[in-house]
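Asker: Residue 324 in the UniProt record's numbering is what sits at position 324 of the sequence shown, and the numbering runs on without skipping anything.
Using N, Cα and C, we set each Cβ at its ideal position, and we do this for glycine too.
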Amino acid sequence: MGEATEVKRCTEMEPLGSEPASEFRGCLFMWRFIFLLWKKIMLSLFHFPLILSQVLLPIFVAIYLGSILSGDLEVPSVKVKHSFASIPRGRFLLFNPKNESTVSTLVMRVMHKYPQIEVLVFRSENVKLFWPMDWPWVVGAVVIKEVASNGMGAVAKEIEYLFPRYVFHSDLLMMQVVSDVYFMSGGLKMSVGFEMRLRKEKYDRSDFVLAPFIMMLTHILITSSFTIIPAEEQNSHFKHLQIMTGVSPCLYWFATLIYDIFVAFLVCLIVLFILFFFDWSFSFSFYLLAALYCVINLPLAYLVSTLLSTTGIAFLFLVIFQSLAFIPLFLADGMLQPPVRNFRCLL
1 MGEATEVKRC
11 TEMEPLGSEP
21 ASEFRGCLFM
31 WRFIFLLWKK
41 IMLSLFHFPL
51 ILSQVLLPIF
61 VAIYLGSILS
71 GDLEVPSVKV
81 KHSFASIPRG
91 RFLLFNPKNE
101 STVSTLVMRV
111 MHKYPQIEVL
121 VFRSENVKLF
131 WPMDWPWVVG
141 AVVIKEVASN
151 GMGAVAKEIE
161 YLFPRYVFHS
171 DLLMMQVVSD
181 VYFMSGGLKM
191 SVGFEMRLRK
201 EKYDRSDFVL
211 APFIMMLTHI
221 LITSSFTIIP
231 AEEQNSHFKH
241 LQIMTGVSPC
251 LYWFATLIYD
261 IFVAFLVCLI
271 VLFILFFFDW
281 SFSFSFYLLA
291 ALYCVINLPL
301 AYLVSTLLST
311 TGIAFLFLVI
321 FQSLAFIPLF
331 LADGMLQPPV
341 RNFRCLL
């Protein structure tokens with residue numbers, strides 16, 4: 001009877017919900033949280049497929065891209081002359097609907113220096129209708145338009161220079177033609193040269209198409225790898241055992257999310273440092289976007305790892321899903337880019 005009274009008295013002195021009990025729960029929460037993080041670290045350190053897809057592969061891709069798209073800094077600058085003289089054969093189009101004489105004469109005088117370039121004159125402004133699609137390819141075009149008259153005989157002219165994107169260094173060709181047209185009038189001759197730095201001996205423009213594709217594939221593999229550990233714990237009932245011992249599902253997923261966010265930011269930071277080492281001019285926003293892409297896909301990775309039965313199926317499903325999602329992005333980028341580069345000036 002006395003023992004029961006003592007127990008009752010102690011219970012009344014420190015009922016549930018008092019400050020010592022709250023401190024105990026908070027301490028227990030932190031210990032469980034630290035234990036879950038430590039468990040994630042230990043599982044990751046001894047999981048080679050996870051290390052390969054999350055760390056080693058992004059580092060290898062960053063080194064590979066940096067090596068193929070960076071040049072030898074010890075190569076000296078070379079001054080080269082880039083003009084239509086470097087093109088063996090082609091066509092140049094002159095659209096002159098109002099039969100303007102001054103600018104058209106200057107353009108014809110400039111193109112007369114390049115006999116291998118055929119000049120075609122059209123009395124129309126419809127570029128799409130008269131643009132030839134056969135060989136020899138069009139290497140440039142000029143459209144002369146009359147904009148307005150001031151009522152005293154002076155007419156403002158708009159000259160539009162068009163250069164196809166498939167022409168190598170089309171921007172430099174545009175600068176060269178514009179310079180010749182406006183600085184070679186009246187017998188004044190001018191030699192235009194451009195300072196170009198040799199980046200590497202074997203230059204391939206396809207590298208600039210390959211680089212974003214490889215970076216996209218790398219981020220797909222990184223985000224898909226976050227399904228491995230949750231799927232393995234789900235299949236082995238290890239997560240169920242943790243929950244049965246008192247770890248709440250919210251605490252389990254919160255610890256998993258915090259750890260995966262840390263890994264995503266760390267890997268993206270390593271990749272950014274490697275690209276900076278190869279003199280890539282990336283801003284800090286690129287790092288944030290790359291890390292943000294990995295972070296926003298974490299809930300999807302957790303959902304896939306919970307719904308699908310095996311680790312391999314969950315990983316493969318997320319890879320295919322993200323790859324299919326990127327296809328419209330590349331198609332839209334290609335359709336939104338204009339087929340020619342243009343330059344307008346008003347006289």
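1) State buried or exposed for residue 140, treating a residue as buried only when at least 16 other CB atoms are found within 10 Å of its CB.
2) Work out the CA separation of residue 86 and residue 99 for me, nearest whole Å.
3) In whole angstroms, what separates the C-alpha of residue 322 from that of residue 328?
4) With residue 109 as the anchor, note down where its alpha helix (DSSP H) starts and where it stops.
5) Under 9 Å, do residue 223 and residue 293 count as touching if we go by C-beta distance?
6) Tell me, please, whether the segment 48-56 touches the segment 100-108 by the rule of three or more beta-carbon pairs shorter than 8 Å.
7) I'd like to confirm the pairing. Which residues does DSSP put opposite residue 50 in its beta bridges?
8) With DSSP as the reference, identify every bridge partner of residue 138, one or two as the case may be.
9) Does residue 93 pass the burial test, meaning 16 or more other C-beta atoms within 10 Å, or should it be called exposed?
10) To the nearest whole angstrom, what separates the beta carbons of residue 231 and residue 311, a pair I think is in contact under 8 Å?
11) Flag this pair as touching only if the segment 285-292 and the segment 268-276 have three or more C-beta atom pairs under 8 Å; answer yes or no.
12) With respect to the beta strand (DSSP E) encompassing residue 118, which residues constitute its N-terminal and C-terminal limits?
13) Expressed to the nearest angstrom, what Euclidean distance is found between the alpha-carbon atoms of residue 107 and residue 181?
14) Should residue 220 and residue 61 be called a contact, given that it needs their Cβ atoms to be closer than 9 Å?
15) Does DSSP put residue 17 in a helix, in a strand, or in coil?
16) Measure the CB-CB distance between residue 348 and residue 91 and report whether it falls below 9 Å.
17) Leaving out five residues before and five after residue 55 in sequence, what residues of the same chain have Cβ atoms less than 7 Å from its Cβ?
18) For residue 67 and residue 125, what's the separation of their Cα atoms in angstroms?
Answerer: This is what the structure holds:
1) Residue 140 sits buried, since 16 or more C-beta atoms from the chains shown fall within 10 Å of its C-beta.
2) Roughly 30 Å separates the two Cα atoms.
3) C-alpha separation (whole angstroms): 11 Å.
4) DSSP places residue 109 in the uninterrupted alpha helix (DSSP H) bounded by 102-111.
5) Against a cut-off of 9 Å, the Cβ pair of residue 293 and residue 223 comes out as a contact.
6) No, the segment 48-56 does not touch the segment 100-108.
7) Paired residue(s): none; residue 50 is not in a bridge.
8) Residue pairing by DSSP places residue 138 opposite 91 in a beta bridge.
9) The residue in question, residue 93, is buried, as its Cβ has 16 or more Cβ neighbours within 10 Å.
10) Residue 231 to residue 311, Cβ: 4 Å. Contact.
11) Between the segment 285-292 and the segment 268-276, the count of C-beta pairs closer than 8 Å reaches three or more; the two stretches touch.
12) From DSSP, the beta strand (DSSP E) with residue 118 extends over 117-122.
13) Distance between the alpha carbons of residue 107 and residue 181 is about 6 Å.
14) No. Outside cutoff.
15) A caution first: residue 17 carries a pLDDT of 47, below 50, which makes its placement in the model too unreliable to give a value.
16) Outside the displayed range of the chain (1 to 347) lies residue 348, so it cannot be described from this structure.
17) Only 267 meet the Cβ criterion.
18) Inter-residue distance for residue 67 and residue 125 is about 46 Å (C-alpha atoms, whole angstroms).
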